[in-house]
Amino acid sequence: ADWYLGHRLLNTPYDRQALHLAHEAETITATAVDGLRTRDPDAIAALTAGLLLSGMAMDIAGTSAPSSGAEHLVSHLLDMRHHACGGPHDLHGCQVGVATLAVARLYERLLNSDLSTIQPPPLAPWEAMSESLKPHFGRLWSAVEPVARQVHGDDDSRRTRRIALGDNWPQILPELRGILGASPASPDSLLRAGAPVCFAEISIDADGARSALLHARFVRTRYTILDLLAELGVLEAWVDDLLADGEM
Numbered sequence: 008a009d010w011y012l013g014h015r016l017l018n019t020p021y022d023r024q025a026l027h028l029a030h031e032a033e034t035i036t037a038t039a040v041d042g043l044r045t046r047d048p049d050a051i052a053a054l055t056a057g058l059l060l061s062g063m064a065m066d067i068a069g070t071s072a073p074s075s076g077a078e079h080l081v082s083h084l085l086d087m088r089h090h091a092c093g094g095p096h097d098l099h100g101c102q103v104g105v106a107t108l109a110v111a112r113l114y115e116r117l118l119n120s121d122l123s124t125i126q127p128p129p130l131a132p133w134e135a136m137s138e139s140l141k142p143h144f145g146r147l148w149s150a151v152e153p154v155a156r157q158v159h160g161d162d163d164s165r166r167t168r169r170i171a172l173g174d175n176w177p178q179i180l181p182e183l184r185g186i187l188g189a190s191p192a193s194p195d196s197l198l199r200a201g202a203p204v205c206f207a208e209i210s211i212d213a214d215g216a217r218s219a220l221l222h223a224r225f226v227r228t229r230y231t232i233l234d235l236l237a238e239l240g241v242l243e244a245w246v247d248d249l250l251a252d253g254e255m
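Residues in the sequence shown are numbered consecutively from 8, following this note's numbering.
Rendered as structure tokens:
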């Protein structure tokens, strides 16, 4: 979904053959869910096949975007904080799984929102944004700052995306619904596989989860729903709502 969103708003490359393979990977992996808890050989084989197809999709696309969006940025930031500052940390798959559910809940809200009622805020000057970000990245800031500056962008690029969003949302919306499926935020598959489904299960408290979702977008120049919601001025409020509702 993030890959398609970036394609429509930034005109980045998009390949439907790669998308088809990514969906095939998802379908095959879904057949393995119940057997993974018991390490059933057939389930492991299905999971491996799904991972291989996912890799092929990325190879065809020439980018990891078919299988890596906002959820991976969250996991990357958790890894970075662990190695730089000793913060809590878990296996890559556990972190990505938990973050996937959180991001899917943000997508569900986006798809059910009337964007015409949202008034985007003006772009903050980079100097002010930089000062606000430094405390959240700590000793990582010197490495993150050049990327964060690119992510922050400028008024012209943001204005172009807003126009593209307004002009294309009627076409973007059904496409996103088709990519995400009927219940993208359902934890059922992860629960059946015995995997964690919330940040607390991977030792990330509410403050850590909130910070990761608000700031992960600054570690890589890959446009995701986190960027869109930030540009619309609703990311912080929507993440806080998820936390208040106990959905993360």
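Virtual Cβ for every residue (Gly too), placed ideally from N, Cα, C.
Looking at L84: is its Cβ nearer than 7 Å to the Cβ of V246? no
Pairwise C-alpha distance: R166 and R15: 14 Å
I'd like to know whether the C-beta atoms of A72 and W133 end up nearer to each other than 7 Å. no
Keeping to the same chain, check which residues put their C-beta closer than 7 Å to that of H96; ignore five residues upstream and five downstream. L85, D86 and H89
Applying the criterion that 16 or more other CB atoms from any shown protein chain within 10 Å of the CB defines a buried residue, is E238 buried or exposed? buried
Could you check how far apart the C-beta atoms of L54 and A39 are, in whole angstroms? I think they sit under 8 Å. 5 Å
Assign L180 to buried or exposed, taking buried as 16 or more other Cβ atoms, counted over all protein chains shown, within 10 Å of its Cβ. exposed
Which whole runs of the alpha helix (DSSP H) in the segment 27–113 are 4 residues long or more, in chain order? 40–43, 48–68 and 77–92
Residue nearest to H159 in terms of C-alpha spacing, selected from P129, A192 and T36: P129
Say whether chain E places a C-beta atom closer than 7 Å to the C-beta of L242. Although the question refers to chain E, the structure presented lacks it and comprises just one protein chain.
Cβ-based burial, S218 [other Cβ within 10 Å; buried from 16]: buried
How would you label S164, buried or exposed, when you count the other beta carbons within 10 angstroms and need 16 or more for buried? exposed
Which one of R116, L235 and Q24 has the shortest CA to CA distance from S61? Q24
Write down the C-beta distance between V110 and A155 rounded to the nearest angstrom, noting that I regard them as a contact closer than 8 Å. Actually they are not in contact, since the Cβ atoms of V110 and A155 sit about 20 Å apart, beyond 8 Å.
Since Q126 is in the alpha helix (DSSP H), which residue starts that stretch and which ends it? Where Q126 is concerned, there is no enclosing alpha helix (DSSP H), given that its DSSP letter is neither H nor E.
Should A216 and L147 be called a contact, given that it needs their Cβ atoms to be closer than 7 Å? no
Give me the Cβ distance between L122 and A8, rounded to the nearest whole Å; I'm assuming they're in contact under 8 Å. Not a contact, Cβ separation roughly 16 Å.
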